[in-house]
Amino acid sequence: MSIPIYLAFSPEEAAEAAAASAHLACMGYQLAPDTPALLAPSDAPEFPCMLLLQDSTQPAYEPTPELVQMIVQYAAARHTGLLCDVSGKPTEFWLQMVTQLDRAAEEAKLSMWTTITCADAAPHSAVLVPSPCMSGRYGDHLAQAAARWPARCVLELRPLRCRMPLPCPVGSEILLSPQDLQAFLHRDPGGIYPWEPLRCMYKLVWEDGGPSLLLFDTPETMAEKVLDAEAAGFAAAVGLLQEAALFPMAPVPAPSQT
Numbered sequence: 342m343s344i345p346i347y348l349a350f351s352p353e354e355a356a357e358a359a360a361a362s363a364h365l366a367c368m369g370y371q372l373a374p375d376t377p378a379l380l381a382p383s384d385a386p387e388f389p390c391m392l393l394l395q396d397s398t399q400p401a402y403e404p405t406p407e408l409v410q411m412i413v414q415y416a417a418a419r420h421t422g423l424l425c426d427v428s429g430k431p432t433e434f435w436l437q438m439v440t441q442l443d444r445a446a447e448e449a450k451l452s453m454w455t456t457i458t459c460a461d462a463a464p465h466s467a468v469l470v471p472s473p474c475m476s477g478r479y480g481d482h483l484a485q486a487a488a489r490w491p492a493r494c495v496l497e498l499r500p501l502r503c504r505m506p507l508p509c510p511v512g513s514e515i516l517l518s519p520q521d522l523q524a525f526l527h528r529d530p531g532g533i534y535p536w537e538p539l540r541c542m543y544k545l546v547w548e549d550g551g552p553s554l555l556l557f558d559t560p561e562t563m564a565e566k567v568l569d570a571e572a573a574g575f576a577a578a579v580g581l582l583q584e585a586a587l588f589p590m591a592p593v594p595a596p597s598q599t
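Quick note: the sequence shown, position 186, residue 527 per the working numbering, numbers continuous.
Here's what the structure looks like:
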């Protein structure tokens with residue numbers, strides 16, 4: 342694999358992250374709810390990693406230029422980049438915040454990534470394209486993203502784990518935990534087969550009085566997805582440290598000694 346894979350870790354996982362031979366992004370950063378301030382983990386890492394800002398709070402104030410500059414300057418001084426993780430549909434606050442952070446990061450020459458829901462609000466930032474694909478062909482899924490955001494795409498590694506009641510109406514998928522998936526795989530007899538168009542595996546199971554398809558990723562399918570992303574021109578990939586066993590990790594070169 343030639344594109345770098347970043348692993349996002351929580352502050353509680355800092356020791357494990359520090360021992361990993363990988364590119365890193367630290368979670369746990371958020372905005373204060375009542376006053377313009379960045380809340381950093383009490384044990385913020387000292388090793389190189391991206392700052393991952395989460396939208397876990399909805400502040401009662403407007404995004405201020407001073408706060409935006411403070412975040413960018415902090416990220417530039419202590420981290421290798423800024424990742425704005427906006428889950429779901431962004432609120433007006435987070436659209437404004439991401440727009441201002443994108444502009445300030447560009448001026449500071451700081452690498453910034455954001456989620457697909459904020460892509461149009463952050464024209465200078467890389468766009469996280471989720472790896473699961475539930476219809477069509479996987480290559481088309483990536484090609485469409487690459488065409489919409491040329492030279493800006495990063496693959497967001499989300500291992501697929503879901504059950505789809507047959508006949509698989511759109512939007513019927515039920516997300517599964519790793520434990521639930523393993524329970525299905527061990528409970529139900531029958532084979533496991535590759536679903537080449539979606540770059541995943543599938544298995545027929547019986548649940549709630551009817552048949553369902555299990556769709557899930559393995560280390561092999563995740564490796565194929567990363568290769569497809571590389572072929573589509575994606576610059577990198579990012580996933581959770583706790584899922585790293587599923588990712589095709591390659592050692593990160595040690596910094597040169599001068």
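C-beta: ideal position from N, C-alpha, C; glycine also.
Note that the coordinates shown come from a computational prediction; the quantities given were computed from them, not determined experimentally.
Checklist entry - What did DSSP end up calling Arg478 once you bin it into helix, strand or coil? => result For the purposes of this step, residue 478 is taken as the residue at position 137 of the sequence shown. Residue state, collapsed to three classes: coil.
Checklist entry - Which term fits Thr456, buried or exposed, when burial requires 16 or more other beta carbons within 10 angstroms of its beta carbon? => result Against the sequence shown, residue 456 aligns to sequence position 115. That one is buried.
Checklist entry - What does a CB cutoff of less than 8 Å around Ala487 pick up in its chain, not counting 5 residues either side in sequence? => result If you number the sequence shown from 1, residue 487 lands on position 146. The answer, listed in chain order, is Cys494, Ala573, Gly574 and Phe575.
Item to check | Supposed contact pair Pro500 and Met563 - C-beta distance, whole angstroms, cut 8 Å | outcome: By one-based count along the sequence shown, residue 563 stands at place 222. By one-based count along the sequence shown, residue 500 stands at place 159. Indeed, because the Cβ distance is near 7 Å, the residues count as touching under 8 Å.
Checklist entry - Under a Cβ-count criterion, where at least 16 other Cβ atoms within 10 Å of its own Cβ denotes burial, should Lys544 be classed as buried or exposed? => result Looking up residue 544 in the sequence shown gives position 203. Buried, because 16 or more other Cβ atoms sit within 10 Å of the Cβ of Lys544.
Checklist entry - When burial is assigned at 16 or more other CB atoms within 10 Å of the CB, is Ser452 buried or exposed? => result Here residue 452 corresponds to residue number 111 of the sequence shown, with the count starting at 1. So Ser452 counts as buried.
Next on the checklist: Spatial neighbours of Pro431 within its chain, please: C-beta separation below 6 Å, excluding the five flanking residues on both sides.
Outcome noted: For the purposes of this step, residue 431 is identified with residue 90 of the sequence shown, where counting begins at 1. So the list reads Thr458 and Cys459, once near-sequence residues are dropped.
Item to check | Within 8 Å, strictly: CB atoms of Leu482 and Cys474 | outcome: Locating residue 482 in the sequence shown gives position 141, where the first residue counts as 1. Locating residue 474 in the sequence shown gives position 133, where the first residue counts as 1. As written in the sequence, residue 482 is His, which differs from the Leu given in the question. For His482 and Cys474, yes; Cβs fall inside 8 Å.
Checklist entry - Do the CB positions of Glu498 and Gly551 come within less than 8 Å of each other? => result Counted from its first residue, the sequence shown places residue 498 at position 157. Counted from its first residue, the sequence shown places residue 551 at position 210. Per the sequence shown, the amino acid found at residue 498 is Leu instead of Glu. No, they are not a contact pair.
Checklist entry - Skipping 5 residues on each side, what residues in its chain have a beta carbon closer than 6 Å to that of Asp558? => result Here residue 558 corresponds to residue number 217 of the sequence shown, with the count starting at 1. Cβ neighbours of Asp558 within its own chain (closer than 6 Å, five residues either side excluded): Pro500, Leu501 and Cys541.
Next on the checklist: Let's test the definition: count the other Cβ atoms within 10 Å of the Cβ of Ser518 and tell me whether it reaches 16, buried, or not, exposed.
Outcome noted: Here residue 518 is taken as the residue at index 177 of the sequence shown, counted from 1. Exposed, since its Cβ has fewer than 16 Cβ neighbours within 10 Å.
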